[in-house]
Every structure is written in C-alpha cells, then in structure tokens.
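J.: So in our numbering, spot 165 of the sequence shown is number 165, and the numbers just go up one at a time.
Cβ coordinates follow ideal geometry from the N, Cα and C atoms, glycine included.
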Amino acid sequence: AKLPGIDNQYAYAIYLMAGMLGWSLFAEVFGRCLTVFIDNGNLLKKMAFPRLALPLIVTGSALLTNLLLFVAILVVFGLLGHLPTLNILWLPLLVLITLGLAIGLGLSLGIINVFMRDIGQIMPIVLQFWFWLTPVVYTTHMLPESYRDAFLLNPMTGVVMGYQNILVYDKTPDLSLLAYPTLLALGALALTLFLYRRAGEDMADVL
C-alpha cells in the first residue's frame, strides 16, 4: 500500500517497521521495569546492592535487542529500495526520550506495584490500548481533524512520529512534538527518584 509523501510500493511496510522500532523499545523497557523488583525479590532480600542497578541491566538488554531490530530493519529497507539519509543521526535523541518515558513511568509504577500488586495485572492491558492509541499501524492523517490534538496528549505519539519522519519520510523530527514527551519523561524520572527514596527501604520487607 502507498502512503502520501513516500514513493515506494512497500510504503506501508516501511511505515509500520519504523513505528514498531520506537514502540517496541518503549514497551519492552516499560513492561520489564514494571515487574523488575518483584521478579528479583529474592535477590534483593539476600544481597546488598543498589536496587536501581536492576533497571540499568533491563535497559541495556532492551537496547541491544532494539539495536539488532534496527539493523534488521535497515537490511529490509535496503532490499525494498528505501535507505535513510543523514537524518538518521537524530535517532539517538528519540531513543533517549523513549527510554526516559519507559524508565520513568515503568519504575514509578514498578515501585507502587511492590505494594499494590494489582498494578502489575492492569498495566499490560493498558499497554495494549496504549499501542492502538499510538500511530504505529495508522497515520494521523487518517484521524478526523477534531481528534488529532487529543492524540498528541499521548506522549508516544510525538516520539513514534519522530521515528517515522526520520526513517520513512527522510525528515528531521518535529521538535515541537518532542517537547511534551521530554518534559513528561523528566517528570516521571523525578517521580521515580522521589518514590524510591520514600519506599526503597521498605521494598525488601514487602518482597
């Protein structure tokens, strides 16, 4: 299927892969941070080490997986006759914002999840709805104009559109759409530190 702004018969496949690159990184880090303390409860009880080292390990693993996916996507893009240009150098910025959102939101909820286990049951369902509220499998142009601004309240909308601008349309990301997710990521990371300082000592007892 063809898309406006891209002259390639495999345009939709290219668009889908670009969006999934960003979303898969967010979803993996968010999901694993949500349960990282519960999954390693026995380790936290028996050994004395910084608890925040666990999310770093999770993030490193997810980054490696995402890098391999990125390389595979580039190979497929090449086979489809669609190679990105130097705008690809913007990708590290998008990765940082994606990680900030995933770690900040995931760990904040992960700390709460230690004390309120229902969070861990609910959030995977929320994440599925979140995916469909993010323009990964559809473009924002398909949405009624009256709804487009509402979709921008989803922080991953601007981030995923950034991936698509770079990898699909050969454009720089729209920085105005990245301001909100960046601020939200910083706020979520600050909340994580606050919750960790307040509840960190009690976590091992509850686990």
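Rounded to whole angstroms, what is the Cα-Cα separation between Y169 and A72?
T.: Answer to the nearest angstrom: the Cα atoms are 19 Å apart.
J.: Under the DSSP definition of a beta bridge, which residues are partnered with I14?
T.: Bridge partners of I14: none, in fact.
J.: Quick check: what's the CA-CA separation for N165 versus I122?
T.: Each residue's Cα considered, the two are about 32 Å apart.
J.: Here's a check: name, in chain order, each residue in its chain whose Cβ is nearer than 8 Å to the Cβ of G187, leaving out the five neighbours to either side.
T.: Closer than 8 Å at Cβ, skipping near neighbours: G104.
J.: Measure how close the beta-carbons of G134 and T157 come, nearest whole angstrom, since I'm counting them as under 8 Å.
T.: Here the sequence assigns Thr to residue 134, which means Gly is not the residue at that position. Right, the Cβ-Cβ distance comes to about 6 Å (below 8 Å), so this counts as a contact.
J.: Could you tell me which residues DSSP pairs with I57 in its beta bridges?
T.: Looking at the DSSP assignment, I57 forms no beta bridge with any residue, so it has no partner.
J.: Mind checking G78: buried by the 16 CB within 10 Å criterion, or exposed?
T.: Answer is exposed; the Cβ neighbour count stays below 16.
J.: What does a CB cutoff of less than 7 Å around V29 pick up in its chain, not counting 5 residues either side in sequence?
T.: These residues qualify, in order along the chain: V58, T59, A62, L99, A102, I103 and G106.
J.: Does the Cβ of R32 have 16 or more other Cβ atoms within 10 Å, making it buried, or fewer, making it exposed?
T.: It counts as buried.
J.: Which complete alpha helix (DSSP H) runs does the stretch 131-157 hold, if anything under 4 residues is left out?
T.: If we require 4 residues or more, the alpha helix (DSSP H) runs fully inside the stretch 131-157 come out as 145-151.
J.: Between G22, R197 and N8, which lies nearest to L93 when the distance is taken from Cα to Cα?
T.: Among G22, R197 and N8, the Cα nearest to that of L93 is on G22.
J.: Taking only the alpha-carbon atoms, compute the straight-line gap between N8 and L184 and give it to the nearest angstrom.
T.: Near 35 Å, if we compare the C-alpha coordinates of L184 and N8.
J.: Leaving out five residues before and five after L83 in sequence, what residues of the same chain have Cβ atoms less than 7 Å from its Cβ?
T.: For L83, where only same-chain residues beyond five positions count, the Cβ hits under 7 Å are F77.
J.: In the DSSP assignment, what residue or residues form a beta bridge with L3?
T.: DSSP, once it has assigned bridges, lists I6 as partnering L3.
J.: Considering L175, what are the terminal residues of the alpha helix (DSSP H) in which it resides?
T.: Segment L175 to V206, the alpha helix (DSSP H) holding L175.
J.: In whole angstroms, what separates the C-alpha of L74 from that of I112?
T.: Rounded to the nearest angstrom, the two C-alpha atoms are 39 Å apart.
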